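A short write-up of the structure that comes next.
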Amino acid sequence: MSTVLIRALFTSLLAPAGPALPPVVSRSPLVFFHVDSGGCEACSLEVEALRKGDYGLAEAGIVFTDAPRLADILLVTGTCTRMMAPVVKAAWEAMPQPKGLLAVGACAIDGGPFAENYAVLGGLEKRASVDCAIPGCPPTPDAILQGIVNLLSPTPAPIMEA
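According to mature numbering (1 follows the signal peptide of the UniProt record, and there is no 0), the sequence shown holds residues -17 to -1, 1 to 145 in order.
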């Protein structure tokens, strides 16, 4: 079992509850739709650790959905592969206006260690207007949460890479 998977498991199952989040959205809830577009899936594990962990997302007005038609923000992890590019595009087009794009991890931002080739298109920064990019390989659930809060706050603070 990989170290990343073990860390995600411990984070989601055994980590003590952090401080309660204040409401971060003016309308409730802010809905995210997550797409893993390729790569090693470490960032997806960290997003799941955030979703399943005791971070108080629902109390802060942040929820995840399985339907892009209900989402406000598209959260993308992994490098964009040729097979997943139409899926990401379809999810984006299905979302109602206004909508935002959140790239989580080095792969989603610029392709990370995956070079562009016949199967890999790279990251989102060359292909779309990203509203918030959360660096890291993989970023911790805390860094992802800080990025989400920064996305919603009028004066964003710098995101610290783990």
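C-beta: ideal position from N, C-alpha, C; glycine also. Everything numeric in this text was worked out from a predicted model, so none of it was measured.
Since LEU40 sits in a beta bridge, which residues does DSSP pair it with? Stepping through the sequence shown from its first residue, residue 40 is reached at position 57. LEU40 is bridged by DSSP to nothing; it lacks a bridge partner.
Local Cβ density within 10 Å of GLU29, reported as buried at 16 or more and exposed below that: One-based indexing of the sequence shown puts residue 29 at position 46. Flag for GLU29 reads buried.
Integer-rounded CB distance, given that LEU84 should sit under 8 angstroms from ASP49: The residue labelled residue 49 in the question sits at position 66 within the sequence shown. The residue labelled residue 84 in the question sits at position 101 within the sequence shown. Not quite, the Cβ-Cβ distance comes to about 18 angstroms (not below 8 angstroms), so this is no contact.
Taking only three categories from DSSP, how would you classify ASP49? Residue numbering aside, residue 49 sits at position 66 when the sequence shown is read from its first letter. Correct three-state label for ASP49: coil.
Rounded to the nearest angstrom, how far is the Cβ of ARG65 from that of ALA89, given a contact under 8 angstroms? As a working note, residue 65 is residue 82 in the sequence shown. As a working note, residue 89 is residue 106 in the sequence shown. Contact check for ARG65 and ALA89: beta-carbon distance about 19 angstroms, past the 8 angstroms limit, so the pair fails to qualify.
Bounding residues of the alpha helix (DSSP H) (the contiguous stretch that carries CYS120): The residue given as residue 120 occupies position 137 in the sequence shown. Careful: CYS120 lies outside any alpha helix (DSSP H) and carries neither H nor E.
Select from ASN133, LEU135, PRO124 and GLY130 the residue whose C-alpha is nearest the C-alpha of GLY36. Here residue 36 refers to the residue found at position 53 when the sequence shown is read from its first residue. Checking every option, the nearest Cα to that of GLY36 belongs to PRO124.
In the DSSP output, what is ALA86 paired with across the bridge? As a first step, residue 86 must be located in the sequence shown, where it is residue number 103. For ALA86, the beta-bridge partners assigned by DSSP are VAL59 and ALA116.
Between ALA74, ILE45 and MET67, which lies nearest to PRO51 when the distance is taken from Cα to Cα? Start at 1 with the first residue of the sequence shown, and residue 51 comes out as number 68. Of ALA74, ILE45 and MET67, the residue nearest in Cα terms is ALA74.
Output needed for LEU67: all residues of its chain with C-beta closer than 6 angstroms, excluding positions within five of it in sequence on either side, in chain order. Locating residue 67 in the sequence shown gives position 84, where the first residue counts as 1. Reading the sequence as shown, one finds Met at residue 67 and not Leu. The residues are SER20 and GLY21.
Sort out for me which residues DSSP pairs ASP125 with in a bridge. As a working mapping, residue 125 is identified with position 142 in the sequence shown. Residue pairing by DSSP leaves ASP125 without any beta bridge partner.
Hey, how far is the Cα of PRO6 from the Cα of ASN100? Against the sequence shown, residue 6 aligns to sequence position 23. Against the sequence shown, residue 100 aligns to sequence position 117. Note that PRO6 has pLDDT 48, beneath the 50 cutoff, so the model's placement of it is unreliable and no number is given.
What did DSSP end up calling LEU33 once you bin it into helix, strand or coil? The residue you call residue 33 lines up with position 50 of the sequence shown. Assigned with DSSP and collapsed to three states, LEU33 falls in helix.
Mark SER27 as exposed unless 16 or more other C-beta atoms lie within 10 angstroms of its C-beta, in which case mark it buried. In the sequence shown, the residue the question calls residue 27 occupies position 44. The residue in question, SER27, is buried, as its Cβ has 16 or more Cβ neighbours within 10 Å.
I believe THR18 touches LEU57 by the beta-carbon criterion, under 8 angstroms. Please report the beta-carbon distance rounded to the nearest angstrom. As a first step, residue 18 is located in the sequence shown; it is residue number 35 there, counting from the start. As a first step, residue 57 is located in the sequence shown; it is residue number 74 there, counting from the start. As written in the sequence, residue 18 is Val, which differs from the Thr given in the question. 7 angstroms between Cβ atoms; contact.
What does LEU13 pair with, by DSSP beta-bridge criteria? By one-based count along the sequence shown, residue 13 stands at place 30. Secondary-structure assignment with DSSP links LEU13 through a beta bridge to ILE45.
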